[in-house]
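Residue numbers (UniProt numbering): 1 to 46.
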């Protein structure tokens, strides 16, 4: 159950992060979405 939730969260974070970042910063949307995901991950893990 945790794995499926984790996968869904990862996918949504990357998808939404990529779309948002590509709209504001077209320089490096992938790295920006990854940073957003890691920030959320740290908050959930803590």
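Every residue gets a Cβ at the ideal spot worked out from N, C-alpha and C, and that includes glycine.
Local Cβ density within 10 Å of residue i, reported as buried at 16 or more and exposed below that
| i | result |
| --- | --- |
| residue 10 | exposed |
| residue 33 | buried |
Cβ of residue i within 8 Å of any chain C Cβ
| i | result |
| --- | --- |
| residue 6 | Considering every chain present, this structure includes no chain C. It has just one protein chain. |
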